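Step one of this worksheet: look at the structure below.
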Amino acid sequence: MVVGPALTAALALVALPGLAGSRAARPLEPVPAGAFQPLPVPADVTRSKITIAGLDDAHLSDAVIEPDTTLIEPADAPSGGPTGRPTVVQPVTDARPDRKPPRYILRGEATFYDNGTTAMRLPRGTLVVICGGGGCVERTVTDYGPIKPSRIVDLYRPDFFAICGCPWFAGITDVTVYVY
Numbered sequence: 085m086v087v088g089p090a091l092t093a094a095l096a097l098v099a100l101p102g103l104a105g106s107r108a109a110r111p112l113e114p115v116p117a118g119a120f121q122p123l124p125v126p127a128d129v130t131r132s133k134i135t136i137a138g139l140d141d142a143h144l145s146d147a148v149i150e151p152d153t154t155l156i157e158p159a160d161a162p163s164g165g166p167t168g169r170p171t172v173v174q175p176v177t178d179a180r181p182d183r184k185p186p187r188y189i190l191r192g193e194a195t196f197y198d199n200g201t202t203a204m205r206l207p208r209g210t211l212v213v214i215c216g217g218g219g220c221v222e223r224t225v226t227d228y229g230p231i232k233p234s235r236i237v238d239l240y241r242p243d244f245f246a247i248c249g250c251p252w253f254a255g256i257t258d259v260t261v262y263v264y
């Protein structure tokens with residue numbers, strides 16, 4: 085019985101906006117057209133003219149050309165200078181590249197992997213020349229490896245088959261690594 089009057093009182097408070105403190109929203113009024121008037125800006129010839137003076141001496145260069153400055157034209161070349169190019173005798177060279185001796189040489193097995201890097205247990209940036217039965221490649225160590233201790237280098241697949249001299253299904257080859 086007590087619940088009925090309490091619900092009725094709560095419903096009455098919610099239904100009466102004036103008692104609850106809320107009010108109806110006012111509609112937006114349009115801005116009158118008279119508020120948009122042209123702004124008069126006097127831009128005729130009677131305005132004051134601004135004159136800009138020349139630069140002061142601090143902004144002038146060392147070689148300022150004044151109206152009375154005399155320009156000197158270049159003269160003819162002096163006589164008695166060199167008349168030809170000197171010849172230099174070059175030393176005879178062969179087709180072999182000159183390379184400093186390696187710090188040390190490693191021999192062991194190499195494998196390939198598709199990471200696109202050369203992995204050795206050397207600091208990154210170390211220059212190495214890796215030679216196998218099919219040729220040599222010069223690479224910079226860019227990764228750490230290989231995981232298996234019996235191998236000394238993991239090569240990018242195209243590099244592996246460039247030095248391997250073996251069929252496409254081979255996975256291990258013997259190499260000599262020159263560390264620089």
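The numbering of the sequence shown is this note's numbering, which starts it at 85 and goes up by one.
Backbone N, C-alpha and C fix where the C-beta goes; we use that ideal spot for every residue, glycine too.
Quantities reported herein were computed from a predicted structural model and do not represent experimental measurements.
Terminal residues of the continuous alpha helix (DSSP H) containing residue i?
i: Phe253; result: Taken as a continuous stretch (DSSP letters only), Phe253 belongs to no alpha helix (DSSP H), as it is neither H nor E.
Quick one: give me the first and last residue of the beta strand (DSSP E) that residue i is part of.
i: Ala194; result: 188-197
i: Asp238; result: 235-240
i: Gly229; result: First-last for Gly229: undefined, no H or E at that position.
i: Val125; result: Counting along the chain, Val125 falls outside any beta strand (DSSP E), and DSSP gives it neither H nor E.
i: Ile214; result: 211-216
i: Val148; result: First-last for Val148: undefined, no H or E at that position.
i: Val173; result: Note, Val173: premise wrong, no beta strand (DSSP E); not H, not E.
i: Gly219; result: 219-224
Can you grab the Cα-Cα spacing for the pair residue i / residue j, in whole Å?
i: Asp160; j: Thr135; result: 47 Å
i: Phe245; j: Val221; result: 11 Å
i: Ser234; j: Gly209; result: 22 Å
i: Val115; j: Gln121; result: 13 Å
i: Asp238; j: Arg180; result: 28 Å
i: Thr177; j: Arg183; result: 14 Å
i: Thr257; j: Ala194; result: 5 Å
i: Gly192; j: Pro170; result: 53 Å
i: Ala96; j: Gly88; result: 12 Å
i: Ile236; j: Trp252; result: 21 Å
i: Pro242; j: Ile214; result: 13 Å
i: Leu155; j: Thr167; result: 30 Å
i: Ala254; j: Asp198; result: 15 Å
i: Thr260; j: Pro207; result: 18 Å
i: Asp146; j: Ser163; result: 32 Å
i: Lys232; j: Ala203; result: 12 Å
Going along the chain, which residues of its own chain have a beta-carbon closer than 6 Å to the beta-carbon of residue i, five neighbours each way excluded?
i: Gly217; result: Gly249
i: Val263; result: Pro186, Arg187, Tyr188, Val212
i: Arg205; result: none
Could you give the C-beta distance for residue i and residue j, rounded to a whole number, given that I count them as a contact under 8 Å?
i: Gly200; j: Tyr240; result: 5 Å
Quick one: residues in its chain with C-beta nearer than 8 Å to the C-beta of residue i, no 5 flanking neighbours on either side, listed in chain order?
i: Ile247; result: Ala194, Ile214, Cys215, Gly216, Gly217, Gly218, Gly219, Cys220, Val221, Leu239, Thr257, Val259
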